[in-house]
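> Just so you know, the protein sequences line up as chains V and R, in that order.
Just so you know, we're using this note's numbering here: the first sequence kicks off at 1 and counts up by one.
Just so you know, we're using this note's numbering here: the second sequence kicks off at 257 and counts up by one.
Think of the CB as a built atom: it goes at the ideal place given N, C-alpha and C, for glycine as much as any other residue.
The structure displayed is predicted, hence computed values, not measured ones.
Below are the C-alpha cells for one structure; questions will follow.
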Amino acid sequence: MSILQTLGGVLAANGLVTAFAFVGLLTWLSYLASNRLTRGHVHGSAIAILAGLVLAWVGGVFTGGSKGLADIPVLAGVGILGGAMLRDLAIVATAFGVDLRVIRRAGPGAAVSLLVGVFGSFVVGAAVAYAFGYTDTESMVTIGAGAATYIVGPVTGTAIGASSDVIALSIAAGLVKSMLVMTGTPFVAKAIKLDNPHTAMVFGGLMGTTSGVAGGLAATDPKLVPYGAMTATFYTGLGCLLGPSVFYFAVRAVFG
Amino acid sequence: MVIYGVALLAACMLAGVFVGELLGKLLGVQANVGGVGFAMLLLVVICDALIRRGRLSPVSQQGVMFWSAVYIPIVVAMAATQNVVAAVEGGLAAFLAGSLAVAACLLLVPAISRMGRVGAGAAGGGAGEGPGEGPGKEGA
Numbered sequence: 001m002s003i004l005q006t007l008g009g010v011l012a013a014n015g016l017v018t019a020f021a022f023v024g025l026l027t028w029l030s031y032l033a034s035n036r037l038t039r040g041h042v043h044g045s046a047i048a049i050l051a052g053l054v055l056a057w058v059g060g061v062f063t064g065g066s067k068g069l070a071d072i073p074v075l076a077g078v079g080i081l082g083g084a085m086l087r088d089l090a091i092v093a094t095a096f097g098v099d100l101r102v103i104r105r106a107g108p109g110a111a112v113s114l115l116v117g118v119f120g121s122f123v124v125g126a127a128v129a130y131a132f133g134y135t136d137t138e139s140m141v142t143i144g145a146g147a148a149t150y151i152v153g154p155v156t157g158t159a160i161g162a163s164s165d166v167i168a169l170s171i172a173a174g175l176v177k178s179m180l181v182m183t184g185t186p187f188v189a190k191a192i193k194l195d196n197p198h199t200a201m202v203f204g205g206l207m208g209t210t211s212g213v214a215g216g217l218a219a220t221d222p223k224l225v226p227y228g229a230m231t232a233t234f235y236t237g238l239g240c241l242l243g244p245s246v247f248y249f250a251v252r253a254v255f256g
Numbered sequence: 257m258v259i260y261g262v263a264l265l266a267a268c269m270l271a272g273v274f275v276g277e278l279l280g281k282l283l284g285v286q287a288n289v290g291g292v293g294f295a296m297l298l299l300v301v302i303c304d305a306l307i308r309r310g311r312l313s314p315v316s317q318q319g320v321m322f323w324s325a326v327y328i329p330i331v332v333a334m335a336a337t338q339n340v341v342a343a344v345e346g347g348l349a350a351f352l353a354g355s356l357a358v359a360a361c362l363l364l365v366p367a368i369s370r371m372g373r374v375g376a377g378a379a380g381g382g383a384g385e386g387p388g389e390g391p392g393k394e395g396a
C-alpha cells in the first residue's frame, strides 16, 4: 500500500514527465493495435486520438470533472501536455518547412472558406436549435455559434445574454463538432480529396475547430497539419466577431 | 545550439499571440484573432531568411523540429483532456447541431478548394492531383 502511495506521489509530483511516459505508452499501444488489428488500415494516430477521447470520457465519469483524464491527480500532467500552451507551440513548430508559395496562392480560397465555414455552421446550428424548440433569437444564435466552435458559443451567448443552459448546450455542440472532426477526418479524406496543402487550408477554414482540425489532419497526413491549422486559427476569432454582431442582427431581423 | 531553435520558436509564438490578442482588442472581440497563424507565418519567414544566410545551424533547427515532431502526442494528450462527458450529455440537439455543421462544411470542401485555385489563376492543367508544387513551378 505504501509502495503504491509512494509511486502515486512520484507520478503526481512529476506531472509533465508522467504525461510524456503515459502518452508514449498510449501511442505505442495504438500503433500496435493499428498494425495487428486493422493491418495498418486505420492510422495509429487516429486510434491514439480516439483512445484519448474514450479515456477522457472515462476520466470524466470517474471524477465528475470537466478535464477528462487530467482530473485524476496522478495524470494531471496530461492536462499540461495537452493544454493550449504546448499545443499552440507545437502547431507553430509544424510551420517549419511549409511552402510559402502555397499559402500565398491559397489565400483567397482560404478566406472564402473561413466566411462560408463560420456562416454555414451558424445557420445549421440555429436551424437545429429551432427544430428542437429553441425559437427565441438569443438561443438560436448561441447554439448556432456553438456549432462553429465551443469557444464561439459561450462568447456569443454571454455577449447577447443567452440562458446558461443554452450556453452549456452550445459548448456541447462545439465539442461534438471538434471530436467528430478529430476522429472522422481520416475516413472522409479521400472522398473530399484532402491530400494536398491547398485543400488542407480550405478544410481548416471550413471546419474551424483548431483542436479538431489539428487532430483530424494529424491522423490523416501530418504534412497537412500546418496548412489546415494556419486557417483554422483565424476561425474562432472571426466567429466571435460575427456571432454577436452580424449573425445576431440577421436572426433578429428574420425571427425577431 | 538546440536552445536557439527552441527560443526562436518560442519568440515567434509569443509575438504572434501578442498580435492576435491586440487584433482581438482592436476588433472588440473576446478572443485571440489568428495569433497562432501569425506566429506560423513569422516562423516560416524568419527561418527561411536565417537558413538562406546560413545563420540557423542544423543543430539549432532540431530545436524547432523536436516540437513539430511531438505534435501528434500533444494532440493525443489534448484529446484525453477534453470534456467528452459534457458533449455526450448535450443530448440529441447538441449532437445534431455539431455533426450537421460538420457534414455541411465537409460537402463544401471540394467546391471551395476548386474555386480558390481558379481564383488564384493556377494553371488549369494541374488537375486535382498536383499538390501546390506543380502550378508553382509553372507560375515562376
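What is the rounded straight-line gap between the Cα of V:LEU217 and the Cα of V:ASP71?
Along the first sequence, read from residue 1 onward, the residue named residue 217 of chain V stands at position 217. Along the first sequence, read from residue 1 onward, the residue named residue 71 of chain V stands at position 71. The alpha-carbon atoms of V:LEU217 and V:ASP71 are separated by roughly 27 Å.
> Find the residues of chain V that neighbour R:PHE274, judging by a C-beta separation of less than 7 Å, and give them in chain order.
Along the second sequence, one-based indexing puts residue 274 of chain R at 18. Ordered by position in chain V, no residue passes the 7 Å Cβ test against R:PHE274, which lies about 13 Å from the chain.
> Tell me the rounded alpha-carbon separation between V:ILE167 and V:ARG101.
Against the first sequence, residue 167 of chain V aligns to sequence position 167. Against the first sequence, residue 101 of chain V aligns to sequence position 101. Going by C-alpha positions, V:ILE167 is about 41 Å away from V:ARG101.
> Report yes if the CB atom of V:GLY60 is closer than 8 Å to the CB atom of V:GLY68, and no otherwise.
As a first step, residue 60 of chain V must be located in the first sequence, where it is residue number 60. As a first step, residue 68 of chain V must be located in the first sequence, where it is residue number 68. It is a contact, given that the beta carbons lie within the stated cut-off.
> When the Cα of V:TYR130 is compared with those of V:TYR227, V:VAL213 and V:MET140, which residue comes out closest?
Here the question's residue 130 of chain V lines up with position 130 in the first sequence. Nearest neighbour of V:TYR130 by Cα position, chosen from V:TYR227, V:VAL213 and V:MET140, turns out to be V:MET140.
> Whose Cβ in chain R lies nearer than 8 Å to the Cβ of V:VAL61?
Your numbering for residue 61 of chain V matches position 61 in the first sequence. Those within 8 Å of V:VAL61 in chain R are VAL341.
> The alpha helix (DSSP H) with V:LEU241 in it runs from where to where?
Position 241 of the first sequence, counted from the first residue, corresponds to residue 241 of chain V. 225-242 is the extent of the alpha helix (DSSP H) around V:LEU241.
> If you scan the stretch 90-136 of chain V from start to end, which runs of the beta strand (DSSP E) of 3 or more residues do you find wholly inside it?
none
> Does any residue of chain V bring its CB to less than 8 Å from the CB of R:ILE259?
Walking along the second sequence from the start, residue 259 of chain R turns up at place 3. The beta carbon of R:ILE259 sits no closer than 8 Å to any beta carbon of chain V.
> Would you grab the beta carbon distance between R:GLY346 and V:LEU180 for me? Rounded to a whole angstrom, and I think it's under 8 Å.
Taking the first residue of the second sequence as position 1, residue 346 of chain R is located at position 90. Taking the first residue of the first sequence as position 1, residue 180 of chain V is located at position 180. That pair is no contact at about 13 Å.
> Taking V:PRO73 as the query, report the chain A residues whose CB atoms sit under 8 Å from its CB, ordered along the chain.
The chain labelled as chain A is not found among the protein chains of the depicted structure, namely V and R.
> In whole angstroms, what separates the C-alpha of R:GLY375 from that of V:MET85?
Counted from its first residue, the second sequence places residue 375 of chain R at position 119. Counted from its first residue, the first sequence places residue 85 of chain V at position 85. Note on R:GLY375: pLDDT 45, under 50, position unreliable in the model; the coordinate value appears next. Straight-line Cα distance between these residues: approximately 36 Å.
> Could you say if the stretch 328-338 of chain R and the stretch 40-52 of chain V meet the contact criterion of at least three C-beta pairs nearer than 8 Å?
yes
> Are at least three pairs of beta-carbons, each pair with one atom in the stretch 358-367 of chain R and one in the stretch 104-123 of chain V, less than 8 Å apart?
yes
> Should V:HIS43 go down as buried or exposed, given a rule of 16 or more other Cβ atoms within 10 Å for buried?
Translated into the one-based positions of the first sequence, residue 43 of chain V becomes position 43. Classification of V:HIS43: buried, given that the 10 Å Cβ count is 16 or more.
> Mind listing which residues of the stretch 309-331 of chain R have their C-beta closer than 7 Å to chain V's C-betas, in chain order?
Listed by position, the residues of the stretch 309-331 of chain R near chain V (Cβ gap below 7 Å) are VAL320, MET321, TRP323, SER324, VAL326, TYR327, ILE328, PRO329, ILE330 and VAL331.
> Can you give me the Cβ contacts of V:LEU115 inside the same chain, cut-off strictly under 8 Å, excluding the 5 residues immediately before and after it?
For the purposes of this step, residue 115 of chain V is identified with residue 115 of the first sequence, where counting begins at 1. Same-chain partners within the cutoff: LEU238.
> Just how far apart, CA to CA, sit V:ALA279 and R:MET296?
This structure cannot settle anything about residue 279 of chain V, because the visible part of chain V is limited to 1 through 256.
> Per the contact definition of three or more C-beta pairs closer than 8 Å, is the stretch 182-199 of chain V in contact with the stretch 260-275 of chain R?
no
> Taking only three categories from DSSP, how would you classify V:SER163?
Position 163 of the first sequence, counting from 1, holds the residue named residue 163 of chain V. Note: V:SER163 maps to coil in three-state DSSP.
> Given a threshold of 16 other Cβ atoms within 10 Å of its Cβ, counted over all protein chains shown, does V:PHE203 qualify as buried or as exposed?
Residue mapping note: residue 203 of chain V aligns to position 203 of the first sequence, counting from 1. Of the other Cβ atoms in all chains shown, 16 or more fall within 10 Å of the Cβ of V:PHE203; this residue is therefore buried.
> Which residue comes first and which comes last in the alpha helix (DSSP H) that contains V:THR38?
By 1-based counting over the first sequence, the position of residue 38 of chain V is 38. Careful: V:THR38 lies outside any alpha helix (DSSP H) and carries neither H nor E.
> Do R:ILE368 and V:LEU224 have their C-beta atoms closer together than 8 Å?
Taking the first residue of the second sequence as 1, we reach residue 368 of chain R at position 112. Taking the first residue of the first sequence as 1, we reach residue 224 of chain V at position 224. No, the Cβ-Cβ distance between R:ILE368 and V:LEU224 is not below 8 Å.
> Please report the straight-line C-alpha distance between R:ALA336 and V:TRP57, rounded to a whole angstrom.
Residue numbering aside, residue 336 of chain R sits at position 80 when the second sequence is read from its first letter. Residue numbering aside, residue 57 of chain V sits at position 57 when the first sequence is read from its first letter. Taking the straight line joining both Cα atoms gives about 8 Å.
> Taking DSSP as the reference, what is the three-state secondary structure of V:ASP88?
As a working mapping, residue 88 of chain V is identified with position 88 in the first sequence. DSSP places V:ASP88 in helix when its eight states are reduced to three.
> Look at the Cβ atom of V:SER66, then the Cβ atom of R:ALA342, and state whether they are nearer than 8 Å.
Locating residue 66 of chain V in the first sequence gives position 66, where the first residue counts as 1. Locating residue 342 of chain R in the second sequence gives position 86, where the first residue counts as 1. Cβ distance < 8 Å, so V:SER66 and R:ALA342 count as in contact.
> Under three-state DSSP, which class holds V:GLY71?
If you number the first sequence from 1, residue 71 of chain V lands on position 71. Here the sequence assigns Asp to residue 71 of chain V, which means Gly is not the residue at that position. If DSSP states are grouped into helix, strand and coil, V:ASP71 belongs with the helices.
> Going by DSSP in three states, V:ASP221 sits in which element: helix, strand or coil?
Taking the first residue of the first sequence as position 1, residue 221 of chain V is located at position 221. In the structure shown, V:ASP221 sits in coil (DSSP, three-state: anything other than H, G, I, E or B).
> Is DSSP giving R:GLY375 helix, strand or coil here?
Indexing the second sequence from 1 puts residue 375 of chain R at position 119. Legend: pLDDT at R:GLY375 = 45, less than 50; position of this residue unreliable, no value from coordinates given.
> Taking contact to mean at least 3 C-beta pairs separated by less than 8 Å, is the stretch 13-21 of chain V in contact with the stretch 148-165 of chain V?
As far as the Cβ criterion goes, the stretch 13-21 of chain V does not touch the stretch 148-165 of chain V, which means the pair count is below three.
> From the beta carbon of V:LYS193, is the nearest beta carbon of chain R less than 8 Å away?
Indexing the first sequence from 1 puts residue 193 of chain V at position 193. True, the Cβ-Cβ gap to chain R drops below 8 Å.
> Output yes or no for whether 8 Å exceeds the beta carbon distance between V:ALA232 and V:THR199.
Start at 1 with the first residue of the first sequence, and residue 232 of chain V comes out as number 232. Start at 1 with the first residue of the first sequence, and residue 199 of chain V comes out as number 199. No; because the gap between Cβ atoms is not below 8 Å, this pair is not in contact.
> Please report whether the beta-carbon of V:ASP269 lies at a distance below 8 Å from any beta-carbon of chain R.
Shown here, chain V extends from 1 to 256; a query on residue 269 of chain V therefore has no answer.
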